[in-house]
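The opening position of the sequence shown corresponds to residue 179 in the numbering used here, with each subsequent residue numbered one higher.
Glycine included, every Cβ here is placed at the ideal spot set by N, Cα and C.
Here the structure is a predicted model, which means the values were calculated and not measured.
Presented below is the structure to which this report refers.
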Amino acid sequence: MNVHQYGGHLIPPAIPTQTIKVDDEARLRTYLAEAVAHGGFGPARGPHYKDPDTCEVLNRYFGFLREHEHLYRPIESYAEVGLVFPRRAVHRGETEPVAAFKRAGKWLSRRNVLYDVVLDEFVDAERLQRYQVVLLPREAQIGRVEEQTMRDWQSGGGDLRLIPEHESMLFSKRGFGGYELSKLDSPPTLTWSIWKQQQYGRLVVHLVNYDRDVEVAKRQIGPAREAMRVVNDVDVRLRVPDEALVKHVSVLSPDTSSESVQRISFSQKGKWLELSVPRIEVYSILVIQYI
179 MNVHQYGGHL IPPAIPTQTI KVDDEARLRT YLAEAVAHGG FGPARGPHYK
229 DPDTCEVLNR YFGFLREHEH LYRPIESYAE VGLVFPRRAV HRGETEPVAA
279 FKRAGKWLSR RNVLYDVVLD EFVDAERLQR YQVVLLPREA QIGRVEEQTM
329 RDWQSGGGDL RLIPEHESML FSKRGFGGYE LSKLDSPPTL TWSIWKQQQY
379 GRLVVHLVNY DRDVEVAKRQ IGPAREAMRV VNDVDVRLRV PDEALVKHVS
429 VLSPDTSSES VQRISFSQKG KWLELSVPRI EVYSILVIQY I
């Protein structure tokens, strides 16, 4: 298979060490936001349901999700990179392909690259067409059908890359292998995921902030233990669907006192949309409507 490597130099900052598994009975908003932002759902572990402050947070978030349920389904991925998980290698007891997968996943995650995990047993032509690039563990042995599918995708212009040993071989000053990907200009403690609702002509961008003041949290009780650090003026540069013309962009959040949807300004140059999100406390959604 025609798979190649390339060089680069850009090295990212360290990933944040503070995660929701610390004090997650108090970090209700982060727990819920992370779950729904990735297309799933799950209540926070061990919330104190009899505590009035806890109930207020849960009621506000569940109310927000109920009111805006139309933004959560139906959805399809809007990732730009596919990362192949070597499930066959797991069945054979091989560890190196899995280690390469985890290595690449860490690189992509801490650079806020929009990527999907694709099981090697379920690679198909329709799914491959979504991605700019697909990353494959070097030692992975995919099936004959899947290999032919990848060959056909490459013949049509798809870019399949083997996962290198070092991150600097995957990213360069020009970006990801010469491709310009969508970019979230933010601290590493702010993450995003994007879903497409084709039938409604919109993209839904989920922004989740993990940054908290741990020292302040130690002096608090209940939901106040989240002690979140608000992020302001976050710049976004996003690739929009082919030939899409953006009509308007709205931002909404269960963290604001106002229930109104706020329109924000933007600029579009061809396939690229640029805007700035004024404020993110824990969880915000951008709704990008296009024709």
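In this structure, does DSSP put residue i in helix, strand or coil?
| i | result |
| --- | --- |
| S428 | strand |
| L210 | helix |
| S287 | helix |
| D337 | strand |
| I469 | coil |
| S346 | helix |
| H226 | coil |
| L362 | strand |
| L464 | strand |
| Y239 | helix |
| G400 | helix |
| D411 | strand |
| Q326 | helix |
Which residues in the same chain have their Cβ closer than 6 Å to the Cβ of residue i, if we skip the five residues on either side of it in sequence?
| i | result |
| --- | --- |
| Q310 | E258, Y357 |
| F263 | F279, V295, L297 |
| P275 | P264, A267, P315, E317, A318 |
Ignore the nearest five residues each way along the sequence and tell me which others in residue i's own chain have a CB closer than 7 Å to its CB.
| i | result |
| --- | --- |
| A405 | R390, D391, V394, A395, Q398 |
| E324 | D298, V301 |
With a threshold of 16 other CB atoms inside 10 Å of the CB of residue i, please say whether the residue is buried or exposed.
| i | result |
| --- | --- |
| F242 | buried |
| T369 | buried |
| T195 | The pLDDT assigned to T195 is 35, lower than 50, so where the model puts this residue is not dependable; a value taken from the coordinates is nonetheless given after this. Under this definition T195 is an exposed residue. |
| H216 | exposed |
| H384 | buried |
| L423 | exposed |
| S431 | buried |
| F300 | exposed |
| D433 | buried |
| R270 | exposed |
Am I right that residue i and residue j are in contact with their C-beta atoms under 8 Å? What's the rounded C-beta distance?
| i | j | result |
| --- | --- | --- |
| Y239 | R207 | 6 Å |
| I466 | R380 | 6 Å |
Please list the terminal residues of the continuous beta strand (DSSP E) segment that includes residue i.
| i | result |
| --- | --- |
| P419 | Careful: P419 lies outside any beta strand (DSSP E) and carries neither H nor E. |
| T369 | 368-375 |
| R475 | This structure cannot speak to residue 475, because the chain is shown only from 179 to 469. |
| R457 | 450-458 |
So, at 8 Å on beta carbons, what are the nonlocal neighbours of residue i in its own chain, with the 5 sequence-adjacent residues on each side left out?
| i | result |
| --- | --- |
| H246 | L430, I463 |
What are the boundary residues of the alpha helix (DSSP H) that includes residue i?
| i | result |
| --- | --- |
| H216 | From DSSP, H216 is part of no alpha helix (DSSP H); its letter is neither H nor E. |
Counting contacts by CB-CB distance shorter than 8 Å, is residue i in contact with chain D?
| i | result |
| --- | --- |
| E254 | Considering every chain present, this structure includes no chain D. It has just one protein chain. |
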